[in-house]
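Structure first, commentary second.
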Amino acid sequence: MRTGSLSALCSLAVFSLFSNAHAQWAGKWQTRTPLPSARTEVAATELGGKIFVLGGYVKGGQLVEEYDPAKDSWRARAPLPKPLHHIAVASLNGRIYVIGGYLSGVGPVDTLYEYDPAKNRWSAKKNMPTARGALAAGVIGGRIFAVGGVAISRKNTPANEAYDPAKDRWTEHAPMITPRDHHAVGVLAGKLYAVAGRIDGNHDRSIGVNEEYDPASDSWRACAPIPNVRSGIAAATLGGEMFIFGGEYRRQTRNHVESYNPATNQWQRWSPMPTARHGLGAAAIGNSIYVIAGGPKPGATFSSVNEKFTP
Numbered sequence: 042m043r044t045g046s047l048s049a050l051c052s053l054a055v056f057s058l059f060s061n062a063h064a065q066w067a068g069k070w071q072t073r074t075p076l077p078s079a080r081t082e083v084a085a086t087e088l089g090g091k092i093f094v095l096g097g098y099v100k101g102g103q104l105v106e107e108y109d110p111a112k113d114s115w116r117a118r119a120p121l122p123k124p125l126h127h128i129a130v131a132s133l134n135g136r137i138y139v140i141g142g143y144l145s146g147v148g149p150v151d152t153l154y155e156y157d158p159a160k161n162r163w164s165a166k167k168n169m170p171t172a173r174g175a176l177a178a179g180v181i182g183g184r185i186f187a188v189g190g191v192a193i194s195r196k197n198t199p200a201n202e203a204y205d206p207a208k209d210r211w212t213e214h215a216p217m218i219t220p221r222d223h224h225a226v227g228v229l230a231g232k233l234y235a236v237a238g239r240i241d242g243n244h245d246r247s248i249g250v251n252e253e254y255d256p257a258s259d260s261w262r263a264c265a266p267i268p269n270v271r272s273g274i275a276a277a278t279l280g281g282e283m284f285i286f287g288g289e290y291r292r293q294t295r296n297h298v299e300s301y302n303p304a305t306n307q308w309q310r311w312s313p314m315p316t317a318r319h320g321l322g323a324a325a326i327g328n329s330i331y332v333i334a335g336g337p338k339p340g341a342t343f344s345s346v347n348e349k350f351t352p
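Per the numbering used here, the sequence shown starts with residue 42, numbered consecutively.
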């Protein structure tokens, strides 16, 4: 394993200037059929043209519900093996992987579960080296990279660990520059971007850091930070950009929508979410992103909101 290093900053660029407060930002929102269960601190992923919403804090920890955008309808799927929240999720090779998270009454876990939609069945896989919750994950080159989170120590871990489903094996890689939790991850052009988050789970210590991981060199570098600092966000990639939704900052829930373009190292602001939320999930299908569930107020609040965003 090569040690990560803070290489030169992404090419210097000036943020896209946001319009004045009275401007009309681009992007269209539509309300879709709500999630059957009100939840928060969920994870969402797309697989086979469907969106799966998994886990949740306190309520619905084992729930897995599948959304069909073509029919605008939901159905229940096989529940998670254990009630989990603040998980990371990834889709790869026709399977869904649920990584880490918190088990109520226990704390951060190192578990990895694989879901087969054809059989509607879960199976346990090789445990992650570092138990953690409020982490994030992204897929690069047939591997799932799980980064950051809160460890058993209740402090942030910089862990960057990759799972290879073909070998059922984990490998350790260059640690994050800025350890954090409640962040979001997106993968664009073979590189992983870890955006925003908070320090040691503290609501009052949200940060706007944006760091790029290159698996080819096993190294990290800093990029343009997100303009509106927050944590408890959701992310999805679409059209070569990483879109960030919602979150919370200074004990207030946010409705901000911003996208990052790695080609220009710039951020753009979009039409805000109709319903401000944190602990929500997001997944892209076609030319739209579905933003689902989450807490409308800081802390343990719940919603079943399903809103469709088209840039």
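All C-beta atoms in this analysis are idealised placements derived from N, C-alpha and C, irrespective of residue type, glycine included.
- Along the length of the stretch 258-329, whole beta strand (DSSP E) runs at least 3 residues long occupy 260-264, 275-279, 282-286, 298-302, 307-310, 322-326, reported in chain order.
- A direct Cα-to-Cα measurement between residue 339 and residue 264 gives close to 28 Å.
- Counting along the chain, the unbroken beta strand (DSSP E) around residue 71 starts and ends at 69-72.
- As a beta-bridge residue in DSSP terms, residue 336 pairs with 319.
- Excluding five sequence positions before and after residue 176, the CB atoms of its chain that fall closer than 6 Å to its own CB belong to 129, 141, 187, 189, 190, given in chain order.
- Beta-bridge annotation (DSSP): residue 251 is paired with 236, 264.
- Within the model, the alpha-carbon separation for residue 297 versus residue 120 is close to 32 Å.
- Boundaries of the beta strand (DSSP E) around residue 349: 347-351.
- Rounded to whole angstroms, residue 66 and residue 220 show a C-alpha spacing of 33 Å.
- Shown here, residue 145 sits in coil according to DSSP, grouped into three states, outside any helix or strand.
- By the Cβ rule, the stretch 204-217 does not count as touching the stretch 156-164, because fewer than three pairs are nearer than 8 Å.
- Annotation: residue 82 is outside any beta strand (DSSP E) and is labelled neither H nor E by DSSP.
- Secondary structure remark: continuous beta strand (DSSP E) runs of at least 3 residues inside the stretch 101-177, in chain order: 105-109, 114-117, 129-133, 136-140, 153-157, 162-165.
- Between residue 99 and residue 334 a beta carbon distance of about 13 Å is seen, past the 8 Å cut, so the two are scored as non-contacting.
- Of the candidates 238, 234, 216, 217, 238 places its Cα closest to the Cα of residue 224.
- Each of 78, 80, 109 was checked against the Cα of residue 90, and the nearest Cα belongs to 109.
- The C-beta separation of residue 102 from residue 145 comes to about 6 Å, placing the pair in contact by the 8 Å criterion.
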